[in-house]
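Q: Residue numbers (numbering that gives the first Met the number 0), protein chains in the order written: chain A, 0 to 410; chain B, 0 to 410.
Virtual Cβ for every residue (Gly too), placed ideally from N, Cα, C.
Just dropping this structure here.
2 protein chains.
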Amino acid sequence: MMQGIFIGNELCDGRIVNTNQQWIAKTLHDNGFFLNRSICVSDDEDDLKDVIKETLKKARVIITTGGLGPTEDDRTTEVLVRTLGKNSVINKEVLDEIRNYFKKNNRKMPKENEKQAFFPEGSIVIPNARGTAPGFYLQHDDVHFFCLPGVPREMKPMVESFVLDTLKMNCSDLSLNLETSLYKCIGKGESHCAELIQSVYPLPEGLSISFQVKFPEIHIRLHINKHIALEKVSKNIKQEMTHALKGICFSQDINMTFQDYIINKLITQKLKISVAESCTGGLLSAFITAVPGSSQILDYALITYSNDSKMKLLDVNKDTLNSQGAVSEEVAEEMAKNLKRQSGSDIVVSITGIAGPDGGSENKPVGTVYVGIFFHNEYQCLTLNLSGSREMIRQNTVFKTMMALNDMVNC
Amino acid sequence: MMQGIFIGNELCDGRIVNTNQQWIAKTLHDNGFFLNRSICVSDDEDDLKDVIKETLKKARVIITTGGLGPTEDDRTTEVLVRTLGKNSVINKEVLDEIRNYFKKNNRKMPKENEKQAFFPEGSIVIPNARGTAPGFYLQHDDVHFFCLPGVPREMKPMVESFVLDTLKMNCSDLSLNLETSLYKCIGKGESHCAELIQSVYPLPEGLSISFQVKFPEIHIRLHINKHIALEKVSKNIKQEMTHALKGICFSQDINMTFQDYIINKLITQKLKISVAESCTGGLLSAFITAVPGSSQILDYALITYSNDSKMKLLDVNKDTLNSQGAVSEEVAEEMAKNLKRQSGSDIVVSITGIAGPDGGSENKPVGTVYVGIFFHNEYQCLTLNLSGSREMIRQNTVFKTMMALNDMVNC
């Protein structure tokens, strides 16, 4: 039996949603393990002690998150040590690392952080590449403890590397023997994807399919229980899915995001890009430059937020701005044309739109966005009618633009 | 002690996030109750039975969601009845209601739905206005059971009416009567914040403090149990915390993010800003333009990613680039000076740095970033030595820049 213990008052009073539970449960499941139970418990010492004691009676694997920080309400190590009747020992290397972490930021390590270098005797430290709180792994009798920090971005890499590897090595008997094929899709919604693969239903015994929306991507997983499923049947279904998802499945690699995929494609094809953004205000440029190596393709970008700057930096005609408005096909086109002339890039993108919450009108409601794209010497304008918050409209504009570019590059 | 039990395989394999837990915990907390523990458990009969048995030993109030549907894997009522050694009895009125529900939709009630009219002997039915699965309330010895459906829109009205009223009536001794003061801090890490308020420890009875990292913000909460704490003592502690966190606490309002806070401050003070970004590649501009109304202060921004564009758009001297390198104090200064001249903005920010993963050297490792800032006519250069991934270095650069601006605006 595998159990998660999620520690923190912020979970018990509903301040935050326990996304760690979902993420860990899912990651384990994708790797053939099942988190039978998960419990949220407060920072209270007695509560935590009780939960650990009870869990010890049943579970073979216990994964905890939270309570490894430097403050007074972080008690996981301390309570675990006391409950198991172990000693707490200092790890000098970790202490040095924490000191260095602060030194690098020109600060002296506060006294409080010292406790993050203490671990239960006999435990293996799980390094934290993104913060000061390392996790640890401890075998106690028949029970495998993995104690991880509660901050998702620190916890996740520890699960992906250390926890999964250790489970596969030391607890393979708990594995469901699942084989999972992943199809990462872009450009269609969840139900559309489901429709495309309808011919594989009803699924043969031992096979199941799950959907996950990871905006803007849809991840489809085919799970094959190798204890039950016939190999030949599984192979056929896999082929059928590959065929059905052709054109929208951009990768089967869990580590490849759409962002990496499209930007690396531009880099490989040596396609120089220039960008002029209004309503997205830098988001598209930030999307491109997030990928290492993007300096090979992005020379510069202009965030022309005001009308003045559209005229000054992009030679947009004053009359066009006055007669058509800054948010118009015509302005998008002038922005793109003049940037094309200025930069000579292979790809030129201009964006002008109304991100809201104000600024909409009957003819051009909030969410109206024009995207002008030059691909080599061919020009086209996308008209988007988006909904949602300001941030959603801005992000969606970036994704739709990159999807359009993806189509052009594939042609 | 109050405990939630959340039943369903979809929770244990991570298919869905347990938003019911967060919603119930928050609703209870807003009404003065604390859900000490929450457990997710699979549909498996033995697992569920074990969890109910264990919970019975500790909890005064048990709230369950899920497992009240008509299908074979819905087992809450059945397992509860068996675990408590009670009889299951049919409720004719409920049966008629379910029949009518189907009749209204021109369907005959499937045989499976009959089981939804069975309840543990002695329980009170909690009507479901939005589905066929009613909940029920059962007192067993000292324990109060509330069993609710798992569908959020069916479950929520039951909590808001029946559960809260019944808790206030029958379990008022569990009410916390909590008052919480929030301090939203920026610019210091969790342990540094803890150090600043060290003088309030040891806390008087009835008071507690919790920390929450919401990068880049640290949220500190002072919880006052009004049953126990003395009013005068609480007031003093509140004052002491306000004093200790002066300068880093930017808001006590839960809805105010640092981003909104600083950008709105610039808007209020009518401080025009221009930006020239290299390694952050648009992230700072996107940060600013994410806030509605930012068009009043941001005229334009230049993403000068290449050396060429630094020369072309910002008149950076070729010799400076060659002798000092693009990532240097000197280039940051030229970028800022020339942008200041071009734009005439009150605030001018230039950023040049090495976001990694490649491009670092011994003298200038990955994470070296220079931020040139003009605030009116005063110039200063921040030298940052950041660590972490490319994305973390880029984001941290933006946050550090905004924090520096915040200090300048406050002076």
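Just mark Q413/B as buried or exposed, buried being the case when its beta carbon has 16 or more other beta carbons within 10 Å.
A: Residue numbering for chain B in the displayed model covers 0 to 410; residue 413/B lies beyond these limits and cannot be assessed.
Q: With DSSP run on the structure shown, which of helix, strand or coil describes T389/A?
A: The sequence given here has Arg at residue 389/A, not Thr. Of the three classes helix, strand and coil, the one that applies to R389/A here is helix, per DSSP.
Q: Give me the chain A residues within the contact set of K25/B, using Cβ-Cβ distance strictly less than 8 Å, ordered along the chain.
A: Chain A residues near K25/B: D12, G13 and R14.
Q: For T367/A, which residues does DSSP report across the bridge?
A: Bridge partners of T367/A: N384/A.
Q: Opposite L206/B in the DSSP bridges: which residues?
A: For L206/B, which the question treats as bridged, DSSP gives the partners I223/B.
Q: Would you mind working out which of I296/A, G280/A, L301/A and I23/A sits nearest D266/A, comparing C-alpha positions?
A: Looking at the sequence shown, residue 266/A is not Asp but Ile. Of I296/A, G280/A, L301/A and I23/A, the residue nearest in Cα terms is I296/A.
Q: Determine the extent of the alpha helix (DSSP H) in which T319/A is found, giving its start and end residues.
A: It spans K317 to Q323 - the alpha helix (DSSP H) in which T319/A sits, taken as one unbroken run.
Q: Against I372/B, what residues of chain A qualify as contacts under a CB-to-CB distance less than 9 Å, listed in chain order?
A: Those do not exist, as I372/B stays about 18 Å from chain A at its closest Cβ, beyond 9 Å.
Q: Distance check for P119/A and V80/A, CA to CA, integer angstroms please.
A: Approximately 6 Å, taken between the alpha carbons.
Q: Got a sec: which bits of the stretch 68–89 of chain B sit with their beta carbon under 7 Å from any beta carbon on chain A, in order along the chain?
A: Here the close residues number zero.
Q: Mark K309/A as exposed unless 16 or more other C-beta atoms lie within 10 angstroms of its C-beta, in which case mark it buried.
A: K309/A should be labelled buried.
Q: Could one say the Cβ of P356/B lies closer than 8 Å to chain A's Cβ atoms, at least one of them?
A: Answer yes: the Cβ-Cβ gap between P356/B and chain A drops below 8 Å somewhere.
Q: So what's K213/A in DSSP terms, helix, strand or just coil?
A: Note: K213/A maps to strand in three-state DSSP.
Q: Closer than 6 Å by C-beta to F398/A: which residues in its own chain qualify, once you throw out the five before and the five after it? Chain order, please.
A: Within the same chain, F398/A has close Cβ partners P215.
Q: Against chain A, which members of the stretch 331–354 of chain B pass a CB distance test of less than 7 Å?
A: For the stretch 331–354 of chain B, which is checked against every Cβ of chain A, not one residue is closer than 7 Å.
Q: Since N316/A and E333/A should fall inside the 8 Å C-beta cutoff, what is the C-beta to C-beta distance between them, to a whole number of angstroms?
A: N316/A to E333/A, Cβ: 6 Å. Contact.
Q: Taking the alpha carbon of Y378/A as the reference point, which residue from M407/A, G186/A and T367/A has its own alpha carbon closest?
A: Answer by Cα proximity: M407/A.
Q: Give the residues from the stretch 108–139 of chain A that approach chain B closer than 7 Å (Cβ to any Cβ), ordered along the chain.
A: Under the 7 Å Cβ criterion, the stretch 108–139 of chain A contributes P109, E111, N112 and R129.
Q: Please determine, among V60/B, N19/B and P356/B, the residue with the shortest C-alpha to C-alpha distance to M168/B.
A: Of the candidates V60/B, N19/B and P356/B, the one whose C-alpha sits nearest the C-alpha of M168/B is V60/B.
Q: Below 8 Å between beta carbons: does that hold for S250/A and Y260/A?
A: Yes.
Q: Which stretch, first to last residue, makes up the beta strand (DSSP E) that contains L175/B?
A: Taken as a continuous stretch (DSSP letters only), L175/B belongs to no beta strand (DSSP E), as it is neither H nor E.
Q: In the DSSP assignment, what residue or residues form a beta bridge with S342/B?
A: The partner list for S342/B (beta bridge, DSSP) is empty, contrary to what the question assumes.
Q: Sorted by chain position, which residues of the same chain lie with C-beta nearer than 8 Å to I196/A's C-beta, five sequence neighbours on each side aside?
A: These residues qualify, in order along the chain: I208, I219, E239, M240, A243 and L244.
Q: With DSSP run on the structure shown, which of helix, strand or coil describes S308/A?
A: Helix at S308/A.
Q: Could you have a look at A275/A and say whether DSSP puts it in helix, strand or coil?
A: Three-state result, A275/A: strand.
Q: For chain B, is any of its Cβ atoms less than 8 Å away from the one on P203/A?
A: Chain B, which has no Cβ nearer than 8 Å to the Cβ of P203/A, makes this no.
Q: To the nearest angstrom, report how far apart A24/A and K56/A are at their CA atoms.
A: Using only the alpha carbons, I get a separation of about 21 Å.
Q: Straight-line CA distance for P69/A to E204/B?
A: Between P69/A and E204/B, the C-alpha separation is close to 22 Å.
Q: Do G281/A and N387/B count as a contact pair if the criterion is CB distance below 8 Å?
A: The residue you asked about is not Asn; residue 387/B is Gly in the sequence shown. Result no, Cβ atoms of G387/B and G281/A do not sit closer than 8 Å.
Q: Could you pull the start and end residues of the beta strand (DSSP E) that L301/B belongs to?
A: Looking at the DSSP string, the run of the beta strand (DSSP E) that includes L301/B is L297 to T303.
Q: If you compare alpha carbons, which of G371/A, N235/A and G355/A is closest to V365/A?
A: When only C-alpha atoms are compared, the closest one is G355/A.
Q: Determine the DSSP secondary structure at S198/B, reduced to helix, strand or coil.
A: Helix.
Q: Establish whether the CB of Y299/B and some CB of chain A are separated by less than 8 Å.
A: Cβ-Cβ to chain A under 8 Å: yes for Y299/B.
Q: Starting from the C-beta of F374/A, find all residues in its chain whose C-beta is less than 7 Å away, skip the five residues before and the five after it, and write them out in chain order.
A: The residues are I346 and M407.
Q: Output yes or no for whether 8 Å exceeds the beta carbon distance between E276/B and A289/A.
A: Not in contact: E276/B and A289/A (Cβ atoms no closer than 8 Å).
Q: Candidates G371/A, D252/A and A132/A: which alpha carbon is nearest N112/A's?
A: Ranking G371/A, D252/A and A132/A by Cα distance to N112/A puts A132/A first.
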